[in-house]
Structures are given as structure tokens and as C-alpha cells.
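Sequential numbering of the sequence shown, starting at 0, is according to numbering that gives the first Met the number 0. The C-beta atom is built at its ideal place from N, Cα and C for all residues, glycine as well.
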Amino acid sequence: MSSDTFTTALFLITAVIAAGVLISAIFPVIYQMAGTFSSAGHASDQQLRTDFKVVLAVANSSGYAQVWMKNTGSVQISVSDIQRSDVICGDVVKGNFNRLSLLSQPGPLGQGQWTYTLSDLNNNNYWDPGETLEIDAFPTTLDTGGGPNYFQFTLPNGIWRSDQFTASVLS
0 MSSDTFTTAL
10 FLITAVIAAG
20 VLISAIFPVI
30 YQMAGTFSSA
40 GHASDQQLRT
50 DFKVVLAVAN
60 SSGYAQVWMK
70 NTGSVQISVS
80 DIQRSDVICG
90 DVVKGNFNRL
100 SLLSQPGPLG
110 QGQWTYTLSD
120 LNNNNYWDPG
130 ETLEIDAFPT
140 TLDTGGGPNY
150 FQFTLPNGIW
160 RSDQFTASVL
170 S
């Protein structure tokens, strides 16, 4: 009888130790997965809440384009995100587009460059919901003869909007 009790106690101690080893090996993996899912959920939430609309896109016969966009989402977009955004513009018919570079220093726009003006109503350096962002662009591939042109603005999180417009609307 005492040998049965001793055997049962050994099995019970072994089971408790095995359970402890298993838990200590699996818990860090579960914790890491929870962090990954939380991070992915936050990124998805930000993308779902980010939205903006191209209000108007025009260009003149010199090849300068102006585009006004309104933040219609529910999140603020930082100025640094605006500066890291991609601006693509060009001739639709020829399929000739430029990815423009941000004008790094104040001055006149050169070919292949873009700049922005944010109507920052509360001076917080964010493109808040309801505020307007103006993009001034000087692509090298704009059709200035009245043909259709394409404009696309892509934020670093992958949200993008585009519009087609014709040149010579402004003079």
C-alpha cells in the first residue's frame, strides 16, 4: 500500500514539473503573439480611420498643377507623414507619370518637384479632420494641351487617392 502511495506521489510530482516546464516554454510565445496581434490591430484601425478626398485638381498651360484635398477621416495626419508621402502626376493618354520629390528648401518649384500648404486651423502641425491640404506640383510629364492628366497622393500607411484633370484651366 505504501508503495502505491509513493508511486502516485512520484507521478503527481512529475506531472506538476512537466506542466510548469510546458507553461514556462509556451507563455512567452503566447505573450509575443498577443503583442503582434495588438500591433497589427492598431495599424489596421489607423488605416480604416484615415481618409481624405481630392476636392479639386487643376493645372495651367505652363505645367504647374494645384490639388486641394480635404481630410474626411477621423484621425490626424502628421506633417511628417505628409512630407513622406508619394505624389505621382502625369499624362494619362501616354501613360507617362512622374513620382515627384518634395521641395526641400523654400523657393520656386523646379520640374519634378512638389510642395504643400496646410490650412492648419489650430497650428498643431497635423492635418486634422476637416482641414484642407494644397499640393503644388510641377511634373515633367503633364499634358498641357487639354488632355487628361492623372494625380495620385499616397500616405506612408498606404492610403491613397487619385484624380484626373485637364491642364489650361488656370492661366
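**Message:** I need the straight-line Cα distance from Q151 to F51, nearest angstrom please.
**Reply:** 12 Å
**Message:** If you reduce the DSSP assignment to three classes, tell me which class Q163 lands in.
**Reply:** strand
**Message:** According to DSSP, simplified to helix, strand and coil, what is L141?
**Reply:** Residue state for L141 is assigned as coil, using DSSP reduced to three classes.
**Whole runs of the beta strand (DSSP E) within the segment 65-97, excluding any shorter than 3 residues** = 85-90, all fully within the segment 65-97.
**Item:** Beta carbon of V57 nearer than 7 Å to that of P147
**Value:** no
**Prompt:** So, N97 versus T143, is the Cβ gap smaller than 7 Å?
**Reply:** Not in contact: N97 and T143 (Cβ atoms no closer than 7 Å).
**Prompt:** In whole angstroms, what separates the C-alpha of G94 from that of Q112?
**Reply:** 19 Å
**Item:** For Q163 and F137, believed in contact at Cβ under 8 Å, the rounded distance
**Value:** F137 to Q163, Cβ: 18 Å. No contact.
**Message:** Out of V53, A24, F26, which one is the CA nearest neighbour of E130?
**Reply:** V53
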